[in-house]
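Residue numbers (this note's numbering): 854 to 1024. See structure below.
Printed below as a string of structure tokens:
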């Protein structure tokens, strides 16, 4: 059976409700914290390391919730939301791989911000390059990612780590 290699906003909303990978498995956050409108490409091959990649997008418009509060008179998307989107996508990759459990961000290596997302922007593109997937008692993915706005790279993160856990009670 061939895995689906692209997902619409409606697919991602189904994932946020726990309907895509099944109960108790990886979910995306619901709006407003869902920072992705679509996944245009997902594969277990390719990317910088040959172990998988994702490309996803978020449409920007001046009415997005964070522009009204960050910062009044100087609206800019918080950089942490772009970082969170990359973690969201690494967790999605684990669910898409069929690994059971609830996703949790476990950290990252170096993160760099060298640009910004303003209300005048049109589209964010996320690129995730899977470095390693560990399967066993702990199911974990390690990836590098980048955020681009209107074709210009503005954030990078190395060593994004996300795990999926069948129990999060002692986490």
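Backbone N, C-alpha and C fix where the C-beta goes; we use that ideal spot for every residue, glycine too. These numbers come from a predicted model, not from an experiment.
Next on the checklist: Please classify residue 894 as buried or exposed, where buried requires at least 16 neighbouring CB atoms within 10 angstroms.
Outcome noted: When all chains shown are included, residue 894 counts as exposed.
Next on the checklist: According to DSSP, is residue 862 part of a helix, a strand, or is it coil?
Outcome noted: When secondary structure is reduced to three states using DSSP, residue 862 falls in the helix class.
Checklist entry - First and last residue of the beta strand (DSSP E) that includes residue 929? => result Under the DSSP assignment, residue 929 falls outside any beta strand (DSSP E); it carries neither an H nor an E label.
Next on the checklist: I need the DSSP call for residue 874, collapsed to helix, strand or coil.
Outcome noted: Here DSSP, grouped into helix, strand and coil, assigns residue 874 to coil.
Next on the checklist: Can you list, in chain order, the residues of its chain with a C-beta nearer than 7 Å to that of residue 963? Leave out the 5 residues immediately preceding and following it.
Outcome noted: Around residue 963, the same chain offers 1011 as residues with beta carbons nearer than 7 Å, after the five sequence neighbours per side are excluded.
Item to check | Euclidean distance between Cα positions of residue 959 and residue 1015 | outcome: Taking C-alpha positions only, residue 959 is separated from residue 1015 by approximately 5 Å.
Next on the checklist: For residue 867 and residue 1008, I'd like the C-alpha separation in whole angstroms.
Outcome noted: The alpha-carbon atoms of residue 867 and residue 1008 are separated by roughly 28 Å.
Checklist entry - Buried or exposed: which applies to residue 886, given that a residue is buried once 16 or more other Cβ atoms fall within 10 Å of its Cβ? => result Exposed, since its Cβ has fewer than 16 Cβ neighbours within 10 Å.
Checklist entry - Counting along the chain, where does the beta strand (DSSP E) carrying residue 1008 start and finish? => result Segment 1005 to 1018, the beta strand (DSSP E) holding residue 1008.
Next on the checklist: My output table needs one value for residue 959: the three-state DSSP class, helix, strand or coil.
Outcome noted: Residue 959 carries a strand assignment under DSSP once its states are collapsed to helix, strand and coil.
Checklist entry - Regarding residue 908 and the ligand SAH, is the C-beta to nearest heavy atom distance less than 7 Å? => result This structure does not include the ligand SAH; it has no bound ligands of any sort.
Item to check | Alpha-carbon spacing of residue 876 relative to residue 991, whole angstroms | outcome: Spanning the two alpha carbons is a distance of roughly 19 Å.
Checklist entry - Using CA coordinates, which residue listed in 891, 861, 1024 is at the minimum distance from residue 954? => result Restricting attention to 891, 861, 1024, the CA atom closest to the CA of residue 954 is found in 1024.
Checklist entry - Checking contacts by CB at 8 Å: is residue 899 closer than that to chain C? => result This model lacks chain C altogether, as it is built from one protein chain only.
Next on the checklist: Tell me which residues share the same chain as residue 932 and place their Cβ nearer than 6 Å to its Cβ, disregarding the 5 neighbours each side in the sequence.
Outcome noted: Shown here for residue 932: same chain residues with a beta carbon closer than 6 Å to its own, the five before and five after excluded, namely 966 in chain order.
Next on the checklist: Whole angstroms are fine: how far does the CA of residue 928 sit from the CA of residue 921?
Outcome noted: For residue 921 and residue 928, the distance between alpha carbons rounds to 7 Å.
Checklist entry - Beta carbon of residue 944, beta carbon of residue 956: below 8 Å? => result Cβ distance < 8 Å, so residue 944 and residue 956 count as in contact.
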